[in-house]
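Asker: Residue numbers (the working numbering): 37 to 169. Glycine included, every Cβ here is placed at the ideal spot set by N, Cα and C.
(1) For residue 106, collect the residues of the same chain with a Cβ closer than 8 Å to its Cβ; drop the 5 residues on either side in sequence, then sort them by chain order.
(2) Is residue 89 buried or exposed, if buried means 16 or more other CB atoms sit within 10 Å of its CB?
(3) For residue 158, which beta-bridge partners are listed by DSSP?
(4) Going straight from the alpha carbon of residue 150 to that of residue 59, what length do you get?
(5) Taking only the alpha-carbon atoms, compute the straight-line gap between residue 160 and residue 138 and give it to the nearest angstrom.
(6) So is residue 109 buried or exposed if we call it buried at 16+ other beta carbons inside 10 Å?
(7) Return the residue from the list 163, 43, 71, 39 that minimises the CA-CA distance to residue 115.
(8) Does residue 113 pass the burial test, meaning 16 or more other C-beta atoms within 10 Å, or should it be called exposed?
(9) For the beta strand (DSSP E) holding residue 96, just list the boundary residues, first then last.
(10) Please go through the same chain and pick out, in chain order, the residues whose beta-carbon is closer than 7 Å to the beta-carbon of residue 49, but skip the five residues on each side of it.
(11) Please list the terminal residues of the continuous beta strand (DSSP E) segment that includes residue 55.
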């Protein structure tokens, strides 16, 4: 499966600790199930000249759209924190998933992912790969 870019938007508000609302919706082509990626940017500078060489975007949070209106959408966090230990259930299955990450508007809250209103987001959609023939 490949991902295509659907739209760019911004965080409109925190709905709760697991959901964010965005300023783009159905009119922008967004559909339920689309993936939202919030990234942080790292500026790359030449150490000798100080010249800006570019920017690297590092994903910090992924969400899935669960509600679409014409002008806005709401998405729920899908990223999980790393598991602190491996649990083996009675059927012998290893469970290594940690709890869902939480969003916060408190920049000093280091236990959760800091997200500001107005922060840029990119909406993507999973599409089937074309057959090679």
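Answerer: The answer reads as follows:
(1) Along the chain shown, one-based indexing puts residue 106 at 70. If we look at residue 106 and ignore the five residues flanking it on each side, its Cβ neighbours are 61, 62, 63.
(2) On the chain shown, residue 89 is found 53 positions in, with the first residue counted as 1. Exposed, since its Cβ has fewer than 16 Cβ neighbours within 10 Å.
(3) For the purposes of this step, residue 158 is taken as the residue at position 122 of the chain shown. Paired residues: 44, 73.
(4) Within the chain shown, residue 150 is the residue found at index 114, counting from 1. Within the chain shown, residue 59 is the residue found at index 23, counting from 1. Using only the alpha carbons, I get a separation of about 18 Å.
(5) Along the chain shown, one-based indexing puts residue 160 at 124. Along the chain shown, one-based indexing puts residue 138 at 102. If I take the Cα positions, the gap works out to 21 Å.
(6) Mapped onto the chain shown, residue 109 falls at position 73. By the neighbour-count rule (16 or more Cβ atoms within 10 Å), residue 109 is buried.
(7) The residue labelled residue 115 in the question sits at position 79 within the chain shown. Minimum Cα distance to residue 115 is reached at 71.
(8) Position 77 of the chain shown, counted from the start, is the residue given in the question as residue 113. So residue 113 counts as buried.
(9) Start at 1 with the first residue of the chain shown, and residue 96 comes out as number 60. Element bounds for residue 96: 88-104.
(10) In the chain shown, the residue the question calls residue 49 occupies position 13. Excluding positions up to five away in sequence, the list reads 57, 153.
(11) Mapped onto the chain shown, residue 55 falls at position 19. That run of the beta strand (DSSP E) goes 55-58.
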